[in-house]
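The sequence shown begins at -6 in this note's numbering and counts up by one. A virtual CB, placed ideally from N, CA and C, is assigned to each residue, including glycine. Below: one structure, written as structure tokens.
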Amino acid sequence: MFNNETKQKISNLTINNDYKGIKAEIEKVIKNNVCKCAKCKGACNYSASKKALKFIDSVINNNIKIEFEVFTIGNSKLPFLSYSALPGVTCPGAGSCLKWCYSFKAWRYASPFYRQLQNTILENIAFDIIEKELNKILNESRFKNRRIDFRLYVDGDFKNLSTMKNWFSLLKRYSRLSAYGYSKSLNIFKDYLKQGYEVPSNYVLNASQGGKFDSMFDSFKKYPFYRSTFSAYNFGKKVKATELTKEQRTEIRSHFPGAFICPGLCGSCTSIGHACGNNTVFNNVPIVIPAH
């Protein structure tokens, strides 16, 4: 079996960079998930785990070779360049959200989990590889000479000050990126600013509600990178943003006056681009989505 309990165990091993421990767990997955399909394309537990094992071996042997895409390039729901790391273990500001976090849904499939695992390890010990992969993408003909919307952390968050420094240093070097993110790691933002560093002008922060540091929201309003809050409204059941009724919208607005209600499709949420990355029109405007 390759259930979420096993995946959480593997995730926890990244905290102390226990790569031999990770290897042992992946080997168990391979042993218990022998591939029987005739034309496997790498999506099953067995094939994805074999690739993950090759990556972990390269880490242990100090000759790192990636086996999964570091960045993903768009889909109908999120038509932007995006990046993910492991949820939970990289989220020091997470609170009650861990009980319903949508990021764990991706763990239904082996490859997204292993991509998150790979990226988390790269953040720990080989951030230069992340930049090399980004540079390859930006040099593709479809991306040359234009600004690119970039969601930093679809899954995961800034886990420590070192990771934040690396990412913001990178964004300053790649001004063509129009980056945005949702973060509960406000304690790390505070430490970063306290040390005299500046958040790059091409990054927009949506302060994600429901974490340990919600009380810090107001202290960030003075900073130009801070857009506003992003909140999930709980109807007591799962509700898709694309299927909200008039009554449900009214209920949300009664709790969040003046808020913009996320329609669930990032690329077409407004006629002027996506709201979460727009720190001009949507500055100081709370954005709310139903918990899903």
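Item	Value
Leu127 vs Val63 beta-carbon contact at 9 Å	yes
Rounded distance between the beta-carbons of Cys255 and Val281, thought under 8 Å	7 Å
Extent of the continuous alpha helix (DSSP H) run through Gly14	12 to 25
Asn138 versus Pro279: straight-line alpha-carbon distance, rounded	32 Å
Beta bridge counterpart(s) of Arg144 as assigned by DSSP	Ser75, Tyr173
Segment contact, 8 Å Cβ cut-off, at least three pairs: the region 130 to 146 with the region 76 to 88	yes
Three-state secondary structure assigned by DSSP to Pro283	strand
Runs of alpha helix (DSSP H) lying entirely within the region 226 to 266, each at least 4 residues, in chain order	239 to 248
Residue of Glu124, Asn132, Gln188 minimising C-alpha distance to Leu154	Gln188
Cβ distance (whole Å) where Gly204 is taken to contact Gly88 below 8 Å	5 Å
Contact under 9 Å by Cβ, Gln111 with Phe151	no
Length of the line joining the Cα atoms of Leu237 and Glu116	38 Å
C-alpha distance - Asn38 paired with Leu91, whole-angstrom precision	24 Å
Member of Arg166, Lys158, Ser42, Ile123 whose CA lies at the smallest distance from the CA of Phe(-5)	Ser42
Range of the contiguous beta strand (DSSP E) that encloses Tyr196	196 to 201
Contact belief for Val197 with Arg169 at Cβ below 8 Å, rounded distance in angstroms	The pair is not a contact, with the Cβ atoms about 15 Å apart (cut-off 8 Å).
Of the residues Arg166, Lys214, Ile57, Ser194, the one placed nearest Tyr173, counting alpha carbons only	Ser194
Sub-9 Å separation of Asn292 and Ser176 beta-carbons	In the structure displayed, the chain extends from -6 to 285; residue 292 sits before or after that span and is not available.
Cβ neighbour criterion (16 or more within 10 Å) applied to His267	buried
Three-way DSSP call (helix, strand, coil) for Phe120 in this model	helix
Ser27 classed as buried or exposed, judged by whether at least 16 other C-beta atoms fall within 10 angstroms	It should be noted that the sequence gives Val, not Ser, for residue 27. Result: exposed.
DSSP three-state assignment for Phe161, whether helix, strand or coil	helix
Three-state secondary structure (DSSP) of Arg139	coil
Whole-angstrom distance between Asn276 and Gly35, CA atom to CA atom	Its pLDDT being 48, under 50, Gly35 is placed unreliably by the model, and nothing is read from it.
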